[in-house]
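A.B. asks: Before anything else, here's the structure in question.
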């Protein structure tokens, strides 16, 4: 009677390796899900500020007349030096 189904009680080494690999993947996945649901902090929701219609925005360069003049710094006040031949 034992010879009728010889492969039922025994597994080949290939199947053993498959089940070990599948079990390891399942354990890692279950661990990731546990971490995801229990140990992660919930995301904070951002509070968006609504713009008021009557609120004036900053003036544009076209409205102010363009860029201000270039500032004179210590380096730009020095006379240019010419290389000596």
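Residue numbers (the numbering used here): 33 to 117. Every residue, glycine too, gets a C-beta built ideally from N, C-alpha and C.
How far does the alpha helix (DSSP H) with residue 95 in it extend, from its first residue to its last?
C.D. replies: Here the alpha helix (DSSP H) through residue 95 covers 93-96.
A.B. asks: If you draw a straight line from the C-alpha of residue 44 to the C-alpha of residue 51, how long is it?
C.D. replies: Cα-Cα distance, rounded: 11 Å.
A.B. asks: If we require 3 or more residues per run, which beta strand (DSSP E) segments fall completely within the segment 48-89?
C.D. replies: Taking only runs of at least 3 residues, no beta strand (DSSP E) segment lies wholly in the segment 48-89.
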